[in-house]
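Undergrad:
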Amino acid sequence: MDYLQAIFLGVLQGLTEFLPISSSAHLRIFPELFGWGDPGAAFTAVIQIGTELAVLVYFRKDIWRIASAWLRSLVRPEYRGHFDARMGWFIILGSLPIVVLGILLKDTIETEFRSLWLVGTMLIVMGLVLGAADRVSANDKVIRDLGLRDAVLMGLAQALALIPGVSRSGATLSMGRFLGYEREAATRYAFLLAIPAVIGAGLFELKDVPDGDNLYGWGPTIVATVVSFVVGYAAIAWLLRYVVAHSYLPFVIYRVALGSFVLILLGTGVLAA
């Protein structure tokens, strides 16, 4: 049964990691609804490696170009003004907030932050924030307009995703839209910005897979990670096509509905926080 649960959670992770609806919230809520128990922060962090590997494969050309330009800029001054070299620095500096806070708040993330009261509330609040950002955005900046200030601000927004229910992509997209970036530009940068943080968190939590707070052992965790990679790759391709011509409103409605549903179940005693 552990393997069937792991496959389901891998599919859930792959579908929700890149949509602005919080994969960590779904991995916290649905196992509780089915009576499986909390799979744990370690399981959640490790299977997210699968979806980030999907990002590495999907954006391999962009990543290679950015990494090459950044490395050349370290030794060749003529590359230092190149956009791809600067993008390398933007991703590094934008990743620092979530890395630092993730280390400092590790114990809180694995305990208090996993309360379903907090998860449900964050689904609603950050859903409304996403809707507001999408509505008021100037929508006139493309990815090449990205500068250090905006990169760091989106990095700070991403750090909010340490709280399940916020959504890494949702928080980054919200900040990007508030700053005036087109949906596709904000989405592309959100994907790239997540790579160091998610892979780093997953590797950091590997030691807790055999025991720690992980409900599953190595076998189911590996299966879930592989499944999340396959499903996540398809989700990236779909979302990038979707955001070109559609708003985030369906995600906002879904977040508010799911968050409200969770809070009602908690309030009536159907679920325990």
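Whatever position you read off the sequence shown (first residue = 1), add 35 for the numbering used here.
By construction, the Cβ of each residue, glycine as well, lies at the ideal position given by its N, Cα and C atoms.
Source: prediction; values computed, not measured.
Give me the residue from Val233, Gly72 and Leu151 with the minimum Cα distance to Val135.
TA: The residue with the shortest Cα to Cα distance from Val135 is Val233.
Undergrad: Specify whether the segment 118 to 133 and the segment 251 to 269 touch according to this definition: at least 3 beta carbon pairs, one from each stretch, less than 8 Å apart.
TA: Not touching, per the Cβ criterion.
Undergrad: Among the residues of its own chain, which have a CB less than 7 Å from the CB of Arg179, if the five just before and after it don't count?
TA: Taken in chain order, the residues that qualify are Phe118.
Undergrad: In three-state DSSP terms, what is Tyr277?
TA: helix
Undergrad: Closer than 6 Å by C-beta to Val287: which residues in its own chain qualify, once you throw out the five before and the five after it? Chain order, please.
TA: Gly162, Leu165 and Gly166
Undergrad: Can you name, in chain order, every residue of its own chain whose Cβ lies under 6 Å from the Cβ of Tyr327, other than the five neighbours on each side?
TA: As displayed, the chain neither begins before 36 nor continues past 308, which places residue 327 out of reach and without an answer.
Undergrad: Measure the Cβ-Cβ separation of Gly155 and Leu47 and say whether it is below 9 Å.
TA: Between Gly155 and Leu47, the gap from beta carbon to beta carbon reaches 9 Å or more.
Undergrad: Taking the C-alpha atoms as reference points, what is the distance between Gly205 and Leu301?
TA: 24 Å
Undergrad: Measuring straight from C-alpha to C-alpha, what distance separates Tyr224 and Leu44?
TA: 26 Å
Undergrad: How would you call Ser282, buried or exposed, if buried means at least 16 neighbouring beta carbons within 10 angstroms?
TA: exposed
Undergrad: Give me the residue from Ser58, Val81, Ala89 and Leu62 with the minimum Cα distance to Gly267.
TA: Ala89
Undergrad: Roughly how many angstroms separate the alpha carbons of Gly70 and Arg212, rounded to a whole number?
TA: 38 Å
Undergrad: Given a cut-off of 9 Å, decide if Arg290 and Ser202 are closer than it, judged by their beta-carbon atoms.
TA: yes
Undergrad: Relative to the C-alpha of Ser59, which candidate in Leu39, Ile42, Ala80 and Gly72 has its C-alpha closest?
TA: By alpha-carbon distance to Ser59, the top candidate from Leu39, Ile42, Ala80 and Gly72 is Ala80.
Undergrad: Restricting to runs no shorter than 3 residues, where is the beta strand (DSSP E) found entirely within the segment 51 to 84?
TA: Listed in chain order, nothing qualifies, since the segment 51 to 84 has no complete beta strand (DSSP E) run of 3 or more residues.
Undergrad: Going by alpha carbons, who is nearest to Leu227 out of Ile101, Leu106, Val110 and Leu153?
TA: Closest option to Leu227, judged by alpha-carbon separation, among Ile101, Leu106, Val110 and Leu153: Ile101.
Undergrad: Residues bridged to Arg216 by DSSP?
TA: As written in the sequence, residue 216 is Tyr, which differs from the Arg given in the question. Per DSSP, Lys176.
Undergrad: Determine the burial state of Met36: buried for a count of at least 16 other Cβ atoms within 10 Å of its Cβ, exposed for fewer.
TA: Low confidence applies to Met36: its pLDDT is 49, below 50, so where it sits in the model is not reliable enough to give any reading.
Undergrad: Verify whether the separation of the beta carbon atoms of Ala194 and Ile133 is less than 9 Å.
TA: yes
Undergrad: Look at Met210 and Ala229 and say whether their C-beta atoms are less than 9 Å apart.
TA: no
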